[in-house]
């Protein structure tokens, strides 16, 4: 019973991590083309990613040559988290 509960919880957690990785990728790609900031989708992506980017930027210098590497660092962190959790269970 507990194994099934943990398995279900981890499946949901891995799905959230997977979707958030795609949100980060889409947000990074959109940052290259400068979309309309009043677009609801752009605002949603900004609200989902910018708080995490700000935390990364305050901890690690992420701007190199005019390019912000916060999305790349976040994706690596999510991959690390996912791999770590899979190795535990």
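Residue numbers (this note's numbering): 1 to 89.
From the three backbone atoms N, C-alpha and C, an ideal C-beta is built for every residue, glycine too.
key: Coil, strand or helix - residue 3 by DSSP   = Note: residue 3 maps to helix in three-state DSSP.
ask   = When DSSP builds the beta bridges, which residues end up paired with residue 67?
value = Partner(s): 64.
message = Assuming residue 57 is part of the alpha helix (DSSP H), what are its boundary residues?
response = For residue 57, the uninterrupted alpha helix (DSSP H) run begins and ends at 40-59, by DSSP.
ask   = Among residues of its own chain, excluding the 5 on either side of residue 35, which ones have a beta-carbon nearer than 8 Å to its beta-carbon?
value = Within the same chain, residue 35 has close Cβ partners 42.
task = Could you tell me whether the segment 44-55 touches the segment 68-81, where touching means 3 or more Cβ pairs closer than 8 Å?
result = Yes, they touch.
task = Quick one: measure Cβ to Cβ for residue 78 and residue 20, integer angstroms, because I've assumed they're closer than 8 Å.
result = Indeed they touch by this definition, with Cβ atoms about 6 Å apart.
Alpha-carbon to alpha-carbon, residue 31 and residue 65 = Our two residues, residue 65 and residue 31, have alpha carbons roughly 16 Å apart in a direct line.
message = Just to confirm, is the Cβ distance from residue 10 to residue 89 under 7 Å?
response = Against a cut-off of 7 Å, the Cβ pair of residue 89 and residue 10 comes out as a contact.
key: Supposed contact pair residue 74 and residue 101 - C-beta distance, whole angstroms, cut 8 Å   = Residue 101 lies beyond the stretch modelled for the chain, which goes from 1 to 89, so this question has no answer here.
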